[in-house]
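Below is one structure, written out as structure tokens; the observations come after it.
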Amino acid sequence: MGPGHRRDTIDDHQGARNWRKICGLGFLLRKRETEARRQVEVQTFEYERFCRSQSPARVEVWRRRVVEWESGITKVNPYSLSEQGETEEDVRLRLAIQEAERSLKGEPILHEVAPSAFLLMGLEIEDQQRRMAISLAEKDGGSVQYKTEVVEKRAKLGRLIARFRSLQQIYTPAALAYLTTLPNYSNVDTVEKIPVLLPSGLPEALRIQSLMGDWVIREVEYRRAQLRTSLRGLRSHLFIRAGLNIERSTQARGQKDSTRSRQDLARNEEDIAAFKSKYRAAWNALLVLVGEEKLREEMPGYQALHDHDVRSHEDQDSYCVVSSRKIRPALDSRPLLVEGESRRALSWIWTGVDVTGDSKAMQEALRIEWSKCWARKRRWDEELALVVEEKRRVVESLRFEQRKWLRRAADEVNEPEGYAAYALRQAALREGLVERFETVWKTPIRTCKRQKGGPVGGLTAPENEEVHMGVSDSEFEDVRAANVDEEDDDEDED
């Protein structure tokens, strides 16, 4: 194949791919519009419900804070807590800057994956393992679709662990040597139990012998940030749980509202369990790396997290007990499940760390959740407007090309007959695309077939077949497949 032939082949493939993508715009935009309209309805409902539960003055203050931040008037991020202390992202940025400075000084680079990125990958694997274990514990059994999703997630996590193992051969080979002395956890059914073996997971003697001092320092910094971020997330979701419980007991009426409330509570409880597990993992790792005395000295106010500590300032359990006693006085002989209000004490997670009072922490958590809720609503409102505008522009673009080909056919009357015929065919294809798109957009999602043999832009469809805009059935199926591939690529990029 010569250079010219190679360029022509590449042009042909690119042209065919572009044409397939154009033919699939009808289905792609319809699918995006359907999803956008559904999300607009859901997010608008959630946003309005959130606003109704708050005072208008408070909502206006929160709204103004978001608007000022987006317009650049203030640099205070409304989507983050105003508490002090480095987060995981702050530590990651600082370590990346330090590594860049070392490389500028001429220090050797062992791998294209930086040491901080390697350590962060290990922490991410641990987090995914914890979340998978929580999800499996919450949903025992499940449908075939759920089991398929579990298998796919395990396979994806297994590939990530395999990549991490290849990096361990470069950065921490002693960990792989220690791995051979452990039971075999390579079974895919227990991928969430495979030990990652960061420095905190190795014996102290092995860390000293392998000269892992730098790795210990890096992990300690990340683990401290994990303590802060997981505790903040735990506070936020505990406060959300208290609000959901109150709303469920006072506002939910009927099966539909009760089901929605249970689903919201279940999702929130899963997040609470994830943050609780993350905090405990970070705390245990720091106990191994620095010791309890030094940990309490460097992280004052932080403590070991027990199950009885994971409660909000106003747990709904106490209200449930009081309400049941009003209904059934015979229960008066039973002891209270919770202490009275005069004897109640807040958990240390609300008073011991980073906050000056529980009410401030509550308002911060509520403000952030409202800001995110408003952002989701506006994001889908914008998406719907963009899809509608894109549909209009697709039609206008095709009509513009149709007029262009018609002008070419009229201008080439003195040329050989094939020129005008080709131009007219291209114009008919554009007209057929427009008609097909408009039909697809007006038809319900599962019934997009045209009448048998119905004309589309001068083209007819055979019996018992769909009209595919002037392309064959096999080509049209390729269009649909390409459409799905393109959408999957877009989601991966997002």
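So the sequence shown is numbered by our numbering: it starts at 1 and just counts up by one.
C-beta atoms are modelled at their ideal positions from N, C-alpha and C, and glycine is treated no differently.
Check: Rounded C-alpha distance that separates E41 from S249; Outcome: 24 angstroms
Check: Per-residue DSSP class, three states only, for A410; Outcome: helix
Check: Under 8 angstroms between C-beta atoms of A175 and Q168; Outcome: yes
Check: Cα-Cα separation between E364 and L202, rounded to whole angstroms; Outcome: 39 angstroms
Check: Environment of A410 [buried if 16+ CB atoms lie within 10 Å]; Outcome: exposed
Check: Between the CA atoms of Y79 and A285 - distance to the nearest angstrom; Outcome: 29 angstroms
Check: The region 270-288 in contact with the region 232-247 per 3-pair CB rule at 8 angstroms; Outcome: yes
Check: For M212, the three-state DSSP class (helix, strand or coil); Outcome: coil
Check: Same chain, Cβ closer than 6 angstroms to V288, five either side skipped, listed in chain order; Outcome: S200
Check: Range of the contiguous alpha helix (DSSP H) that encloses I22; Outcome: P3 to C23
Check: Boundaries (first-last residue) of the alpha helix (DSSP H) holding Y171; Outcome: V144 to Y171
Check: Span of the alpha helix (DSSP H) around L119; Outcome: P115 to E138
Check: Cα-Cα separation, Q129 to V191; Outcome: 8 angstroms
Check: Selected residue, minimal CA-CA separation from R37, among A385, L429 and A428; Outcome: A385
Check: R6 to R408 span [Cα, whole Å]; Outcome: 30 angstroms
Check: Alpha-carbon spacing of G243 relative to H308, whole angstroms; Outcome: 19 angstroms
Check: Environment of Y222 [buried if 16+ CB atoms lie within 10 Å]; Outcome: buried
Check: Spatial distance of D12 from R430 (CA atoms); Outcome: 20 angstroms
Check: Beta-carbon spacing of L157, M132 below 8 angstroms; Outcome: yes
Check: C-alpha gap between I240 and T443, whole angstroms; Outcome: 41 angstroms
Check: Straight-line Cα distance separating V394 from T9; Outcome: 28 angstroms
Check: I368 versus A225: straight-line alpha-carbon distance, rounded; Outcome: 20 angstroms
Check: C-alpha gap between D317 and R159, whole angstroms; Outcome: Because D317 carries a pLDDT of 45, less than 50, the predicted location of this residue cannot be relied on, and the following value inherits that uncertainty. About 43 angstroms.
Check: Within 8 angstroms, strictly: CB atoms of W370 and W62; Outcome: yes
Check: Among S261, W405, D271 and K294, nearest to D127 - alpha-carbon criterion; Outcome: D271
Check: For V59 and E68, the rounded distance between their alpha carbons; Outcome: 14 angstroms
Check: A461 versus R165 - alpha carbon distance; Outcome: Only weak support is given to the placement of A461: the predicted model assigns it a pLDDT of 36, under 50, and the value that follows is read from those uncertain coordinates. Each residue's alpha carbon lies about 56 angstroms from the other.
Check: Span of the alpha helix (DSSP H) around V67; Outcome: P56 to E70
Check: Cβ-based neighbour list, A273, same chain, cut-off 6 angstroms, excluding 5 preceding and 5 following; Outcome: I134
Check: DSSP-derived helix/strand/coil call for Y422; Outcome: helix
Check: Per-residue burial, R20 [other beta carbons within 10 Å of its own, 16 or more giving buried]; Outcome: buried
Check: Nearest-angstrom Cα separation, counted from L424 out to G418; Outcome: 10 angstroms
Check: Unbroken alpha helix (DSSP H) run spanning R311, endpoints; Outcome: Taken as a continuous stretch (DSSP letters only), R311 belongs to no alpha helix (DSSP H), as it is neither H nor E.
Check: G2 to Q14 span [Cα, whole Å]; Outcome: 18 angstroms
Check: Candidates L136, P300, R218 and Q43: closest to E88 by CA position; Outcome: R218
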